[in-house]
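J.: Residues in the sequence shown are numbered from 1 upward in steps of one, following full-length UniProt numbering.
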Amino acid sequence: MASVGSFTVAAATLLLAVWGGRARRPARSLDEHQGALRAAVRQQWRVEEALRRVQDPMPIPVRWEALPVGLGGQDHWANVGLAAAGATAVEVAVAGRLPEAAAVFRRIPSRRLVVLGPAGGGKSVLLIRLVLDLIAAGGPGEPVPVLLSVTSWDPGRAGFADWLVARLAADYPALAAGHPDFGTVAAALLAEERVLPVLDGLDELPAAARPAALLALNAASPGLPGVVVASRTAQYLDAVRGGDVLTGAAVVRLLPLGVADLAAYLPRTARPTGRASATAWEPVLARLAGAPADDRARLVGGVLATPLMTSLARAAYSDTGADPAALLDAGRFGTADALAGHLLDRAVPVAYTEHAGGAAARTAARVVPWLAWLAAHAGPDIAWWRLSAVVPRAVPAVAGGVFGAVALGVVAGAAGGGVAAVLGAVVGAVVSGFVMVRQPLVPTGLPADDGGGAGWHRQAARLLRTGGVASGPPAPGRGVVTPGLVGWVTGGAAIVAAGWLSGGGAAAVAAAGALLLALFLDAWLDVPTDVTAAAGPLAVLRADRRTALAKAVVRGGILGVTTAALIDAGTGLAVAAATAGASVLFTAWGRFGVARAWFAVRGELPWRLLAFLDDAHRRGVLRQIGGVYQFRHARLRERLLTHAGVRNRRPA
Numbered sequence: 001m002a003s004v005g006s007f008t009v010a011a012a013t014l015l016l017a018v019w020g021g022r023a024r025r026p027a028r029s030l031d032e033h034q035g036a037l038r039a040a041v042r043q044q045w046r047v048e049e050a051l052r053r054v055q056d057p058m059p060i061p062v063r064w065e066a067l068p069v070g071l072g073g074q075d076h077w078a079n080v081g082l083a084a085a086g087a088t089a090v091e092v093a094v095a096g097r098l099p100e101a102a103a104v105f106r107r108i109p110s111r112r113l114v115v116l117g118p119a120g121g122g123k124s125v126l127l128i129r130l131v132l133d134l135i136a137a138g139g140p141g142e143p144v145p146v147l148l149s150v151t152s153w154d155p156g157r158a159g160f161a162d163w164l165v166a167r168l169a170a171d172y173p174a175l176a177a178g179h180p181d182f183g184t185v186a187a188a189l190l191a192e193e194r195v196l197p198v199l200d201g202l203d204e205l206p207a208a209a210r211p212a213a214l215l216a217l218n219a220a221s222p223g224l225p226g227v228v229v230a231s232r233t234a235q236y237l238d239a240v241r242g243g244d245v246l247t248g249a250a251v252v253r254l255l256p257l258g259v260a261d262l263a264a265y266l267p268r269t270a271r272p273t274g275r276a277s278a279t280a281w282e283p284v285l286a287r288l289a290g291a292p293a294d295d296r297a298r299l300v301g302g303v304l305a306t307p308l309m310t311s312l313a314r315a316a317y318s319d320t321g322a323d324p325a326a327l328l329d330a331g332r333f334g335t336a337d338a339l340a341g342h343l344l345d346r347a348v349p350v351a352y353t354e355h356a357g358g359a360a361a362r363t364a365a366r367v368v369p370w371l372a373w374l375a376a377h378a379g380p381d382i383a384w385w386r387l388s389a390v391v392p393r394a395v396p397a398v399a400g401g402v403f404g405a406v407a408l409g410v411v412a413g414a415a416g417g418g419v420a421a422v423l424g425a426v427v428g429a430v431v432s433g434f435v436m437v438r439q440p441l442v443p444t445g446l447p448a449d450d451g452g453g454a455g456w457h458r459q460a461a462r463l464l465r466t467g468g469v470a471s472g473p474p475a476p477g478r479g480v481v482t483p484g485l486v487g488w489v490t491g492g493a494a495i496v497a498a499g500w501l502s503g504g505g506a507a508a509v510a511a512a513g514a515l516l517l518a519l520f521l522d523a524w525l526d527v528p529t530d531v532t533a534a535a536g537p538l539a540v541l542r543a544d545r546r547t548a549l550a551k552a553v554v555r556g557g558i559l560g561v562t563t564a565a566l567i568d569a570g571t572g573l574a575v576a577a578a579t580a581g582a583s584v585l586f587t588a589w590g591r592f593g594v595a596r597a598w599f600a601v602r603g604e605l606p607w608r609l610l611a612f613l614d615d616a617h618r619r620g621v622l623r624q625i626g627g628v629y630q631f632r633h634a635r636l637r638e639r640l641l642t643h644a645g646v647r648n649r650r651p652a
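#1: Out of G81, G379, V300 and V115, which one is the CA nearest neighbour of L205?
#2: Taking the continuous beta strand (DSSP E) assigned at residue 689, which residues delimit it?
#3: Which two residues bound the contiguous alpha helix (DSSP H) that contains Q235?
#4: Could you round the C-beta distance between H33 and A174 to whole angstroms and report it? I think they count as a contact, below 8 Å.
#5: Among the residues of its own chain, which have a CB less than 8 Å from the CB of N79, if the five just before and after it don't count?
#6: Is the beta carbon of R232 less than 8 Å from the beta carbon of P118?
#7: Our contact map puts residue 658 next to A383 with C-beta atoms below 8 Å; I'd like the distance itself, whole angstroms only.
#8: Excluding the 5 residues flanking K123 on each side, which residues of the same chain have their C-beta closer than 6 Å to its C-beta?
#9: Of all the options L423, L374, D323 and V435, which has the alpha carbon lying nearest to the alpha carbon of R393?
#10: Please determine if the segment 580 to 599 and the segment 621 to 637 are in contact, where contact requires at least 3 C-beta pairs separated by less than 8 Å.
#11: Just to check my reading of the structure: A564 and G572 have Cβ atoms closer than 8 Å, yes? What is that Cβ distance to the nearest angstrom?
#12: Look at the alpha carbon of P143 and the alpha carbon of G603, and state the distance between them as a whole number of angstroms.
#13: What residues match up with R97 in a beta bridge as DSSP calls it?
#14: Can you tell me where the alpha helix (DSSP H) holding D200 begins and where it ends?
#15: Can you tell me which of L237, Y236, A137 and L148 puts its alpha carbon nearest to the alpha carbon of L196?
#16: In angstroms with no decimal places, state the Cα-to-Cα distance between A50 and R332.
#17: At what residues does the beta strand (DSSP E) containing I625 begin and finish?
#18: The alpha helix (DSSP H) that contains G81, what's its start and end?
#19: Classify P272: buried if its beta carbon has 16 or more other beta carbons within 10 angstroms, exposed otherwise.
#20: Taking only the alpha-carbon atoms, compute the straight-line gap between A101 and A66 and give it to the nearest angstrom.
#21: Can you have a look at S311 and say buried or exposed, based on whether 16 or more other CB atoms are within 10 angstroms of its CB?
#22: Should the segment 281 to 294 be regarded as contacting the segment 251 to 262, the criterion being three or more beta carbon pairs within less than 8 Å?
#23: Do you know how far the Cα of Q235 is from the Cα of L134?
#24: State the DSSP-derived secondary structure class of V303, mapped to helix, strand or coil.
#25: Using CA coordinates, which residue listed in A315, V303, M309 and A326 is at the minimum distance from P283?
#26: What's the call for E48, buried or exposed, on a 16-neighbour Cβ count within 10 Å?
#27: Reducing DSSP to helix, strand and coil, say where A250 ends up.
#28: Enumerate in chain order the residues of its own chain whose CB-to-CB distance from R253 is below 7 Å, with the five nearest sequence positions on each side excluded.
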């Protein structure tokens, strides 16, 4: 008992010392957080723009115009201009081209803008350039434009402000730090109107959610310094008919590329063929110039009218040295869909050819099935921690059951003999299998959607309720009896019972005290660290792995030493090993390991999945939005589904 007491006091003293050291760190001011966010956003999208080769050698000539009045998606210009009652409404000149993105936005008094266009029309390129130009030209006191994908927002479950705070804290971990007045720094920045949300992918929300999303944005708009929303044209207009226009927003639509635009861009992407300015594109462009009298040229010009198809044509022909005259071959590509499909099919092989030398063809042949599987099963956001939801439930149930049977069986056998070992194995298998299947987890540092903030006491409350950081609020009627709580109660009861059987009530109390200490150290480890850079998928995984291993050491050390002092060294070692194993297995990283092994054995995904995704991002096949990946082009994702002959199904 003296050993247990001494260890408990020492651990508590260590906790208080470390926590006190954290508390004594000088707190950042909101201005400093805003400046750090500005730097992180600028660096994040500079890298992404470079990977997309937007400026290599020049941007595609993206242009836009005001949405025609007859389409019905534009609010009153009096609202856009913030005109006083009875004042004459003045239409704002919002037409422009890519280098003018920030200037056009600043001309809009309401600072609200909707960007419409077809798939591959250049919306994302425009948003990235707008964010970078606003940061470059803005002063330190201006709100920081933050580009986010809205695909994870469910307006039926969370208001826009709540979702935005959670998204900011997830993508920029420093913003999850506590704030005395608003809960988190992210909430404080939003309340002080220091963040300008730039939202991509409204059209990727379910059709029924889009009108609700517009209504929720309108409700939140008075508390925002502005907002930018991008969507496909038809989906936005349908949402307006089902809900409302975005109040006070100027609406623009992207224009198709003309032959002059193609002639200004494509030759500069190709190597000269002999004469200083001649390239393989000149004969093709000369034929396109006569499109009104040439059906084939008109078809090719129509396909290349979107920046997506132009960039794919550049990759397929300018970057490889192939002859673009093949685009005019009516025998190979008789329809616009066939020609677009050809360019999409070339996207992955060309991306891997450029970087893989002579082995490129074999590499592309391997990765296309993996990418097609991700397109079909991972959803719009490829998040590594969500892949465990795609695995058949029997897989995590068996993995958890086997671990629980061995772990609790060994512990019970060491403490109470053969009968106890059998009983412990049965209980361990059932409880561990249940927890593995039913406990929803997101990685450390990604906040739960309960608005609880990031303080250690709030983390402790979450642990008691869910056993981990939950991926969303509890389902209605679910109550407080959750898988995490069942796991804690079962494991804790086994250790307390072992203490009772070996040393009576005092030993049971000591075991319970050790459990409480482990629980609160657990909560302390879940507090997000002060990371000022944007969180990428690899950073999120590494942070969750570090936390899982730290928890394994802390939990295993406290409970193992306590059990060794109360019973014997062998039982203490068994408890330490079982606790450490559970601390790893019942985390997002641990469950991802099970899922990754299952998919790799079946050949559906590579074993080094994160390395593969990072490589696909660097090659331009995927883009990175915060801690998740997305296919760089929605049409590429759709093409992979069609090409592979699979149907898309969302994770359960």
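Ideal placement from N, C-alpha and C gives every residue a C-beta, glycine not left out.
T.: Working from what's here:
#1: Of G81, G379, V300 and V115, the residue nearest in Cα terms is G379.
#2: An answer regarding residue 689 cannot be provided, because it is not within the stretch 1 to 652 covered by the chain.
#3: Taken as a continuous stretch (DSSP letters only), the alpha helix (DSSP H) holding Q235 covers T233 to G242.
#4: At roughly 7 Å, the Cβ-Cβ gap stays under 8 Å, so H33 and A174 are in contact.
#5: The answer, listed in chain order, is S110, T247 and G248.
#6: Result yes, Cβ atoms of R232 and P118 sit closer than 8 Å.
#7: Because the chain here runs from 1 to 652, residue 658 falls outside it and cannot be looked at.
#8: The beta carbon of K123 sits closer than 6 Å to those of V115, G117 and A230, all from its chain and outside the five residues before and after it, given in chain order.
#9: Of the listed residues, the one whose Cα sits closest to R393 is V435.
#10: No: the two stretches stay apart, fewer than three of their Cβ pairs being nearer than 8 Å.
#11: The C-beta separation of A564 from G572 comes to about 3 Å, placing the pair in contact by the 8 Å criterion.
#12: Each residue's Cα considered, the two are about 47 Å apart.
#13: Answer is R63, bridged to R97.
#14: DSSP places D200 outside any alpha helix (DSSP H); the residue lies instead in the beta strand (DSSP E), whose first and last residues are V195 to D200.
#15: Looking at the Cα atoms, L148 is the closest of the given residues.
#16: Each residue's Cα considered, the two are about 33 Å apart.
#17: I625 -> beta strand (DSSP E) spans L622 to I625.
#18: Here G81 belongs to no alpha helix (DSSP H), and DSSP marks it neither H nor E.
#19: Taking all protein chains shown into account, P272 has fewer than 16 neighbouring C-beta atoms within 10 Å of its C-beta and is therefore exposed.
#20: Those two C-alpha atoms are separated by around 13 Å.
#21: Using a 10 angstroms sphere on the CB of S311, the tally of other CB atoms reaches 16 or more, which defines it as buried.
#22: Counting C-beta pairs closer than 8 Å gives three or more between the segment 281 to 294 and the segment 251 to 262, which meets the contact rule.
#23: Take the alpha-carbon of L134 and the one of Q235: they are about 27 Å apart.
#24: If DSSP states are grouped into helix, strand and coil, V303 belongs with the helices.
#25: When C-alpha distances from P283 are compared across A315, V303, M309 and A326, the shortest belongs to A326.
#26: Its Cβ being crowded by 16 or more others within 10 Å, E48 is buried.
#27: Three-state DSSP puts A250 in a strand.
#28: So the qualifying residues of the chain are W64, E65, L67, L116, G117 and T233.
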